[in-house]
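Undergrad:
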Amino acid sequence: MADLGKPQNTIAVLQKYNFNFQKKFGQNFLVDARVLDKIISAAEITETDFVLEIGPGIGTMTQYLCENAREVIAVEIDRNLIPILADTLSGYQNVEVIHEDILKVDINRLAQERNQGKPIKVVANLPYYITTPIIMGLFESHVPVESITIMVQKEVAERMQAQPGTKDYGALSLAVQYYAKPDIVAHVPPNCFIPRPKVGSAVIRLTKHRENNVQAKDETLMFGIIRASFNQRRKTLVNGLYHAPGLPFGKEQISNALEELGLRPDVRGEALTLGQFAELSDLLGKAGNVPKGHFG
Ligand code: SAM
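Start counting the sequence shown at 32; every next residue gets the next number (our numbering).
Written out as structure tokens, the structure reads:
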């Protein structure tokens, strides 16, 4: 099958099958061989790897993955793409396409069955509206994952990689960085896709920490504190946490905890590092501060 990284080949396939793009599935197909090569090299795909591809479309990136990996599983929700994928991937023996919504797939089981439970690599060019649930789902459910290399909206990539004190820094930065090290590896303009999306994109590689360098005693509490801090971005941290509906802490308790951490009483959440949020959460969550069963 011809290389779908070339726009004329993608157009030929779309015409052959009279394919109708489905907006609800966020379908923008990549047609730039250089970007595809960059994704493969950023994901460090080698012939020993088992790769999960989410949303293969007509199989463009899948072809590149099959060329480089030991085995590829591609999960696609759109039934109209299944016969097309059978055609475009017919030259490869190391791929299986699963027709399913990725949010319903038991990825833990896939990793157990296909990769003896060893960490898998995930590669995806996803519709933007399911990017965050998928990434966080993979991290929070403790699926064995080595890295996730993913095309996302440019702004989302920047938020994932942002550091304290910058305008992009927020709950997403902290959630991603708790589990992984983010690296933006390419910026991808709209003309690299058919049809062209309205927004710019970026490829980001999230390398899962082997061992968390920051570990909160109660992750649910820490993420509750983080969300509350950024929901009320303009407020001081004391006020933001005190007024957050889900958190049971008194003003004095919060001020004391900040003092213990050597932070100013008027500090805002955006100034705290991940490590400081974990320490704050551990201090506030000390026995007796949070009613049993309050979280989770
Ligand atoms: N990977 C292809 C490429 O780069 O050309 C297609 C990318 S397109 C942005 C997103 C793909 O994800 C589409 O094929 C779409 O049908 C599929 N998709 C959308 N939601 C999905 C879901 N919940 N589960 C699996 N696939 C999904």
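We treat Cβ as the ideally placed atom computed from N, Cα and C, and that holds for glycine.
1) With distances taken Cα to Cα, identify the nearest neighbour of Leu83 among Arg295, Val62, Thr119, Asn156.
2) Let me know if Gln143 comes out buried or exposed under the rule of 16 or more other beta-carbons within 10 Å of its beta-carbon.
3) For ligand 3, is there any heavy atom lying closer than 8 Å to the beta carbon of Ala233?
4) Tell me the rounded alpha-carbon separation between Ile70 and Asp313.
5) Between Glu186, Arg145, Gln263, which lies nearest to Glu102 when the distance is taken from Cα to Cα?
6) Could you give the distance in angstroms between the alpha-carbon of Ile104 and the alpha-carbon of Ile215?
7) Just the C-alpha distance for Gln147 and Asp80, rounded to the nearest angstrom, thanks.
8) What does a CB cutoff of less than 7 Å around Gly316 pick up in its chain, not counting 5 residues either side in sequence?
9) Give the secondary structure of Val187 by DSSP, where H, G and I count as helix, E and B as strand, and everything else as coil.
10) With a threshold of 8 Å, are at least 3 pairs of Cβ atoms found where one atom belongs to the segment 33-49 and the other to the segment 57-74?
11) Return the Cβ separation of Gly90 and Leu116 in integer angstroms, given the expectation that the two are a contact with Cβ distance under 8 Å.
12) Within the present structure, is the beta-carbon of Pro276 separated from the nearest heavy atom of ligand 1 by less than 8 Å?
13) Closest to Asn40 by C-alpha separation, out of Gln94, Asn243, Arg241, Lys282, would be which residue?
14) Run the proximity test for Phe50: is its beta-carbon closer than 8 Å to any non-hydrogen atom belonging to ligand 1?
15) Which same chain residues end up closer than 7 Å to Phe56 when comparing Cβ atoms and leaving out the 5 residues on each side of it in sequence?
16) Check for me: the alpha helix (DSSP H) holding Ala288 runs from which residue to which?
17) According to DSSP, simplified to helix, strand and coil, what is Ile113?
18) Could you give the DSSP three-state label for Phe52: helix, strand or coil?
19) Could you check the C-alpha separation between Lys47 and Asp118 for me, to the nearest Å?
20) Just to confirm my understanding: we take Gln263, look at its own chain, exclude 5 residues before and 5 after, and list those with CB closer than 6 Å. What are they?
21) For Asp199, name the three-state secondary structure that DSSP assigns.
22) Is the beta carbon of Ala155 within less than 8 Å of some heavy atom of ligand 1?
23) Excluding sequence positions up to five away, which residues of its chain have a Cβ less than 6 Å from the Cβ of Asn139?
24) What does the alpha-carbon distance come out to for the pair Asn49 and Leu120?
25) With a 10 Å radius around its C-beta and 16 neighbouring C-beta atoms as the bar for buried, classify Thr77 as buried or exposed.
26) Here's the rule: buried if 16 or more other CB atoms are within 10 angstroms of the residue's CB, otherwise exposed. What is Glu291?
27) Count the other C-beta atoms from every protein chain shown that fall within 10 angstroms of the C-beta of Lys282, then say buried if there are 16 or more, exposed otherwise.
TA: In short:
1) For this step, residue 83 is matched to residue 52 along the sequence shown. Scanning Arg295, Val62, Thr119, Asn156 for the CA closest to the CA of Leu83 turns up Asn156.
2) Locating residue 143 in the sequence shown gives position 112, counting from the first residue. That one is exposed.
3) Among the ligands present in this structure, namely ligand 1, ligand 3 is not found.
4) By one-based count along the sequence shown, residue 70 stands at place 39. By one-based count along the sequence shown, residue 313 stands at place 282. In this structure, the alpha-carbon of Ile70 lies about 38 Å from that of Asp313.
5) For the purposes of this step, residue 102 is identified with residue 71 of the sequence shown, where counting begins at 1. Cα-wise, what sits closest to Glu102 is Arg145.
6) Taking the first residue of the sequence shown as 1, we reach residue 104 at position 73. Taking the first residue of the sequence shown as 1, we reach residue 215 at position 184. Taking C-alpha positions only, Ile104 is separated from Ile215 by approximately 24 Å.
7) The sequence position of residue 147 within the sequence shown is 116, counting from 1. The sequence position of residue 80 within the sequence shown is 49, counting from 1. In a straight line, the C-alpha of Gln147 is about 12 Å away from that of Asp80.
8) Your numbering for residue 316 matches position 285 in the sequence shown. Correct list, in chain order: Lys248, Asp249, Leu252.
9) What you label residue 187 is simply residue 156 of the sequence shown in a count that begins at 1. Correct three-state label for Val187: helix.
10) A contact exists between the segment 33-49 and the segment 57-74.
11) If you number the sequence shown from 1, residue 90 lands on position 59. If you number the sequence shown from 1, residue 116 lands on position 85. Indeed they touch by this definition, with Cβ atoms about 5 Å apart.
12) Locating residue 276 in the sequence shown gives position 245, where the first residue counts as 1. Distances taken from the Cβ of Pro276 to the heavy atoms of ligand 1 include none shorter than 8 Å.
13) Reading the sequence shown from its first residue, position 9 is the one you call residue 40. The shortest C-alpha to C-alpha distance from Asn40 to any of Gln94, Asn243, Arg241, Lys282 is the one to Gln94.
14) Locating residue 50 in the sequence shown gives position 19, where the first residue counts as 1. For Phe50, the shortest C-beta to heavy atom distance toward ligand 1 is 8 Å or greater.
15) Numbered from 1 along the sequence shown, position 25 holds the residue referred to as residue 56. Here Phe56 has Ile108, Asp109, Pro158 as same chain residues with Cβ atoms under 7 Å from its own Cβ, once five neighbours each way along the sequence are excluded.
16) The residue labelled residue 288 in the question sits at position 257 within the sequence shown. Residue range 282-291 is occupied by the alpha helix (DSSP H) that includes Ala288.
17) One-based indexing of the sequence shown puts residue 113 at position 82. Secondary structure at Ile113: helix, using DSSP grouped into helix, strand and coil.
18) For the purposes of this step, residue 52 is taken as the residue at position 21 of the sequence shown. Coil.
19) Locating residue 47 in the sequence shown gives position 16, counting from the first residue. Locating residue 118 in the sequence shown gives position 87, counting from the first residue. Using only the alpha carbons, I get a separation of about 11 Å.
20) Position 232 of the sequence shown, counted from the start, is the residue given in the question as residue 263. Hits under 6 Å: Gly271.
21) As a position in the sequence shown, residue 199 is number 168, starting the count at 1. Note: Asp199 maps to coil in three-state DSSP.
22) Counted from its first residue, the sequence shown places residue 155 at position 124. Flag set: Cβ of Ala155 near ligand 1.
23) The sequence position of residue 139 within the sequence shown is 108, counting from 1. For Asn139, where only same-chain residues beyond five positions count, the Cβ hits under 6 Å are Val174.
24) In the sequence shown, the residue the question calls residue 49 occupies position 18. In the sequence shown, the residue the question calls residue 120 occupies position 89. The alpha-carbon atoms of Asn49 and Leu120 are separated by roughly 18 Å.
25) Within the sequence shown, numbered from 1, the residue matching residue 77 stands at position 46. Counting of Cβ neighbours within 10 angstroms places Thr77 among the exposed residues, the total staying below 16.
26) Sequence index remark: in the sequence shown, residue 291 carries index 260 (1-based). Counting Cβ neighbours within 10 Å, Glu291 comes out exposed, since fewer than 16 surround it.
27) Stepping through the sequence shown from its first residue, residue 282 is reached at position 251. Taking every protein chain shown into account, the CB of Lys282 has fewer than 16 other CB atoms within 10 angstroms, so this residue is exposed.
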